[in-house]
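Engineer:
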Amino acid sequence: MVAKKSAGRDIPITPSMSAKDRAVAGIQNYYKRVRKLCANFQQVFKYARIARPQKESGRFYFRKPGKMRMYYTKPEPKDFIYNGIMRTLWVYFPEDKEVKVSYNQTLSQVAVAIPFLRGDGDLRKSFTIREHKKRSFGKPGEILLELTPKKPQTV
770 MVAKKSAGRD IPITPSMSAK DRAVAGIQNY YKRVRKLCAN FQQVFKYARI
820 ARPQKESGRF YFRKPGKMRM YYTKPEPKDF IYNGIMRTLW VYFPEDKEVK
870 VSYNQTLSQV AVAIPFLRGD GDLRKSFTIR EHKKRSFGKP GEILLELTPK
920 KPQTV
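For the sequence shown, the residue numbers in the working numbering are 770 to 924.
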């Protein structure tokens, strides 16, 4: 059974659903209601010109409506701060003592995940989702999901 988003209501979670589908539905339901969030993250991405994947990690902060901060700690510190009301993205590189500011950024230009976190996105439409079996973090018994954007990101 595949969970589908219903307008304004939670996705029903049933015992007949796979553990992955229950987790995805639970996450989708939670984010529709949440007003603020803070979490650790690990990000793996590929540049077209670099053969091996690049790994980064840090702390994620989110507050509705449309405010987000991604503070990267590894491999080097950097800060992405987005204000959806002002449609402004600040990127700070402390080691270089440099700040880049982009104005009139829509959420879709910033990242595929942001509309979901804002409450109007859909995990299954935006991402290919699979259960990640390698346990590099998390606790035993937790389900670790790997989300790969269906559309390539240019940010």
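Ideal Cβ positions, reconstructed from N, Cα and C, are used throughout, including at glycine.
(1) If you pair each beta-carbon of the stretch 800 to 816 with each one of the stretch 829 to 839, do three or more pairs fall below 8 Å?
(2) Give the single residue among Leu858, Gly853, Gln823 whose Cα lies nearest to the Cα of Pro844.
(3) Ordered along the chain, which non-local residues of its own chain (more than five positions away) have a Cβ less than 6 Å from that of Pro863?
(4) List the endpoints of the continuous beta strand (DSSP E) containing Asn852.
(5) Is DSSP giving Ser826 helix, strand or coil here?
(6) Quick one: grab the DSSP three-state call for Ile782.
(7) Would Glu915 and Arg893 qualify as a contact pair, given that the criterion is a beta-carbon distance under 7 Å?
(8) Check each candidate in Asn798, Tyr840, Pro781 and name the one with the smallest Cα separation from Asn809.
(9) Let's see if you can read the secondary structure: which residues bound the alpha helix (DSSP H) around Tyr799?
(10) Label Arg793 either buried or exposed according to how many other C-beta atoms from any shown protein chain fall within 10 Å of its C-beta, with 16 as the threshold for buried.
(11) Tell me whether Leu916 sits in a helix, a strand or coil according to DSSP, three-state version.
(12) For Lys908, which three-state DSSP category applies?
(13) Run the proximity test for Pro863: is its beta-carbon closer than 6 Å to any non-hydrogen atom belonging to the ligand HEM?
(14) Can you tell me which of the three DSSP states Lys750 falls into?
Structural biologist: Taking the coordinates as given:
(1) Three or more beta-carbon pairs separated by less than 8 Å link the stretch 800 to 816 to the stretch 829 to 839, which places the two stretches in contact.
(2) For the purposes of this step, residue 844 is taken as residue 75 along the sequence shown, with counting starting at 1. When each option's Cα is compared against that of Pro844, the closest is Gln823.
(3) Residue 863 sits at position 94 when you count from the first residue of the sequence shown. Excluding positions up to five away in sequence, the list reads Pro846.
(4) Locating residue 852 in the sequence shown gives position 83, where the first residue counts as 1. Run containing Asn852: 847 to 852, per the beta strand (DSSP E) assignment.
(5) Position 57 of the sequence shown holds residue 826. In this structure, Ser826 counts as strand in the three-state DSSP scheme.
(6) Looking up residue 782 in the sequence shown gives position 13. Here Ile782 sits in coil by DSSP.
(7) Along the sequence shown, one-based indexing puts residue 915 at 146. Along the sequence shown, one-based indexing puts residue 893 at 124. For Glu915 and Arg893, no; Cβs fall outside 7 Å.
(8) Numbered from its first residue, the sequence shown carries residue 809 at position 40. When each option's Cα is compared against that of Asn809, the closest is Tyr840.
(9) For this step, residue 799 is matched to residue 30 along the sequence shown. Taken as a continuous stretch (DSSP letters only), the alpha helix (DSSP H) holding Tyr799 covers 788 to 802.
(10) Counting from one through the sequence shown, the residue named residue 793 turns up at place 24. The displayed chain sequence assigns Val, not Arg, to residue 793. It counts as buried.
(11) The count along the sequence shown starts at 1 and reaches residue 916 at position 147. It is a strand residue.
(12) Locating residue 908 in the sequence shown gives position 139, where the first residue counts as 1. Coil.
(13) Ligands displayed in this structure: none; no statement on the ligand HEM is therefore possible.
(14) In the structure displayed, the chain extends from 770 to 924; residue 750 sits before or after that span and is not available.
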